[in-house]
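With the first letter of the sequence shown counted as 1, position 101 gets the number 654 in this note's numbering; the numbers rise by one all the way through. Cβ atoms here follow ideal geometry from the backbone N, Cα and C, with glycine treated the same way. All figures in this text were calculated on a predicted structure; none of them were measured in a lab.
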Amino acid sequence: VRTTCPRDCYDSCGVLVVARGRDVRVRGDPDHPVSRGTLCGKCSTGYNREWLDPTVRLTRPLRRVGPKGTGAFEQIEWGEAIADIAAKLGSIASESGAHTILNAHYTGTISLLAGIFPMRFFRRLGAREVAPDTICNMAGHVALRYVYGSSADGFDPRTIRDAACVVVWGANPSASAPHAHEHWLGGAPCPVIVVDPVRTETARAADLHLQPFPGSDAALAFALLHVMARDGLLDRRFIAQYVLGFEEIEPALRECTPAWAESVSGVPGELIERAARMYATGPSLLWLGQGLQRQRTGGNVMRACAMLPALTGNLGRAGAGFLYVNGEASRRGIDEEYLGRVQGAPPEPAPLSHMDLAPALADPATARALIVWNMNPAGSNPAQSRLRAALAREDLLTVVVDLFATDTTAFADYVLPAASFLEFDDVVLPYFHLAVAAQAKAMEPPGVALPNQEIFRRLSGAMGYADHELFESDEDAIAHALDGGSARFARLKRHGPEFVSREPRIQFESLQFPTPSGRIEIASGHAEADGHPRVPQPWADARPAAGRLRLLSPASPWLLNTSFGNVERIATRLGPASIAVHPADAERLGLHDGGEALARNETGSLMLKVRVSDEVPAGVALSAKGRWPGREPRHWNVNALNPGEKSDMGESTAVHGVEIELRPLR
Ligand code: SF4
């Protein structure tokens, strides 16, 4: 069976499921244009072991029988589980209002039905959504919407064949898009510049690596533009016609010399000069990573970086543009909104930020129930200690849908077993390549596990809802949402992904922008009305206070958010949780490679194995995210140190702004 990997990953690889009798192998599809026959290490490991193992998977609905958090459950039938949950949700909705039922979900499985269809149930119920992107990339979305009117309409990666330069800023495809790293960047017909505080594998392979101190990216962007303005490399004709507000930042550009930027970012002025010339000559592509905006002023950083294509005319032509995520569904013939829509639903309560989830759950007036699906907040959310205490509230009705018993399911009153992507049909919308792909059912789910959408259909029925949208079948929903209906879906299943066009699409080809002015808004009245500066600022965050380090917790190549944290072979390969520190910091703090250290701050503390490495600048420490707290010796992961500070825009995470003290343990 030919199918598609629906993980939260840029690559959306082609998968072949090959069954000989009971022997099932999950492999890469050699005909897939992006993955070319291989899966990443984590998927080829996990999909062939834990994903197929009914002794590891959740196979039956469970009801709690012990104290919260202990993971003591009894098996029950679907009918009983659904009836119990519906009765309790109904009582809460009538006693306290449905807004006290929190709906927490994200990208555990981001195929369209499994990721969106359950929203029909929550909208009909009137539950309060925990705004999904606030745990990840909301600041960047808000910032790019101010500038370009859209954050989800990126360059077509195939246009790299026409590019003279590619800049990857704050993304690490070697961990989070391994096929883009290997094939797309690896085969780039032009120089590649990587901007990243960490010397990642992608940075190592680049022609030029700029390594700014975290939080100084906006200053660096201004310095690049200073060089371009000084050397006559800005596209003044393009600016005059398509950009609003350039004159408002021009005086600041004059001040932002490479020497100044070197002093605040640590990037040598000579490298800033080189990068500016390479990018401005163009046509150039700019990949704006999600890590880039997980900072205190992450929104400002994104607005500053987003000026680069606008002021150099790197838009509207082949080989030029920027990409944050390619989320536009309508251009690919998909009505994504349809999948989550229910007519006549009550007005939706104001969403809650994931940064506020722990205090919200601790407050019975705000939260009486929590329903979690496609997510593992006990491992992935900030304020881990506070969150765990809130999840232990005996009077908080908690329902968790998952494939596996996680740190979050341990706090559930009801655990509902979900089918994996191998076990139902769906549609995958890659967020890097402009394609559409089928996820095809290759086997039956273990036990009585069900796809997310079927679980919420059953809950809708038990709640007594009659709206026909809540009960639409998978086949009908796909046929409605997909232009070309079921015939197109059958074609996708047979032949693999379809690209939006034969030739690469040109981003913003018409040079009309969905902003209030129709131009690129460097100066944004909307931003100003929302309390932000009218134009981007050349800010750099203050360096950590004396004795402290800035902690980065990016993706590991072996984990995907918290997915794969329970895969034994991966756990063995990863070994104990570690923290990388620069040799100068190691010497100053008395830390030794392979020794143990205690990381701590006002939020929590964590024991980690020290790795001394100059992959990070002095003053920065790195400890990858995604490990399961329950599998760690002291039951915490790196989020034990994350207070949940918000970035400047979108109530979004500023996780890369965390500061810690680090001392050796003897
Ligand atoms: S997680 Fe990404 S790289 Fe790994 S198989 Fe899935 S799509 Fe491919």
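- Judged by DSSP secondary structure, THR1125 falls within the alpha helix (DSSP H) whose first and last residues are 1121 to 1127.
- Counting C-beta pairs with one atom in each stretch, the stretch 853 to 863 and the stretch 768 to 788 have three or more that are closer than 8 Å, which means they touch.
- Checking the 8 Å criterion, the Cβ of SER565 is within range of a heavy atom belonging to the ligand SF4.
- For the pair ARG941 and VAL1208, the CB atoms are not nearer than the 9 Å cut-off.
- For VAL1053 against ALA988, the beta-carbon gap comes to about 7 Å, under 8 Å, which counts as contact.
- Taking a C-beta distance under 9 Å as the contact criterion, ALA1002 and THR612 qualify as a contact pair.
- Note that the C-beta distance between ARG946 and LYS621 is below 9 Å.
- Under DSSP, LYS1162 shares a beta bridge with SER1131, GLU1149.
- For LYS1199, the pairing in a beta bridge is given by DSSP as THR1206.
- For PRO804, the enclosing alpha helix (DSSP H) begins and ends at 799 to 808.
- The stretch 790 to 799 makes no contact with the stretch 1108 to 1118, as fewer than three CB pairs between them are under 8 Å.
- Shown here, ASN656 sits in a strand according to DSSP, grouped into three states.
- By the beta-carbon neighbour count (other beta carbons within 10 angstroms, threshold 16), ASP606 is exposed.
- Between ASP706 and GLY1203, the gap from beta carbon to beta carbon reaches 9 Å or more.
- Short note on SER588: C-beta closer than 8 Å to some heavy atom of the ligand SF4.
- With a contact defined as Cβ atoms closer than 8 Å, ARG885 and SER1200 miss out at about 30 Å.
- When secondary structure is reduced to three states using DSSP, HIS762 falls in the strand class.
- With a cutoff of 9 Å on beta-carbon distance, ARG1010 and PHE674 are scored as near each other.
- Spanning the alpha carbons of TRP813 and ALA696 requires a straight line of approximately 25 Å.
- Beta-carbon to beta-carbon, ALA931 and LEU944 are separated by about 7 Å, close enough to satisfy the 8 Å threshold.
- At least one heavy atom of the ligand SF4 falls within 8 Å of the beta-carbon of ARG560.
- For SER906, the secondary structure class from DSSP, reduced to helix, strand or coil, is strand.
- For PHE957, there is no enclosing beta strand (DSSP E), as DSSP marks it with neither H nor E.
- Distance from the CA atom of CYS809 to the CA atom of VAL1165, rounded to whole angstroms, is 33 Å.
- Rounded to the nearest angstrom, the gap between the Cα atoms of GLU627 and VAL618 is 6 Å.
- Annotation for ALA1043: no beta strand (DSSP E) segment contains it, though the alpha helix (DSSP H) segment containing it runs 1038 to 1048.
- The ligand SF4 never approaches ALA991 closely enough for any of its heavy atoms to be under 8 Å from the residue's Cβ.
- Secondary structure at LEU569: strand, using DSSP grouped into helix, strand and coil.
- With respect to the C-alpha of TRP926, the residue from ARG589, GLY661, ASP582 having the closest C-alpha is GLY661.
- DSSP places ILE645 in the uninterrupted alpha helix (DSSP H) bounded by 631 to 649.
- Secondary structure note for ASP1029: its alpha helix (DSSP H) is the uninterrupted segment 1027 to 1034.
- Between the alpha carbons of ALA898 and SER664 lies a gap of roughly 24 Å.
- Shortest gap from the CB of ALA1108 to any heavy atom of the ligand SF4: 8 Å or more.
- In the displayed model, TYR832 falls within a helix according to three-state DSSP.
- Its Cα nearest to that of ASN690, the residue GLY842 stands out among VAL1088, LEU569, GLY842, ASP979.
- Within the same chain, Cβ atoms closer than 6 Å to the Cβ of TRP604 are found at SER973, the five residues on either side in sequence being excluded.
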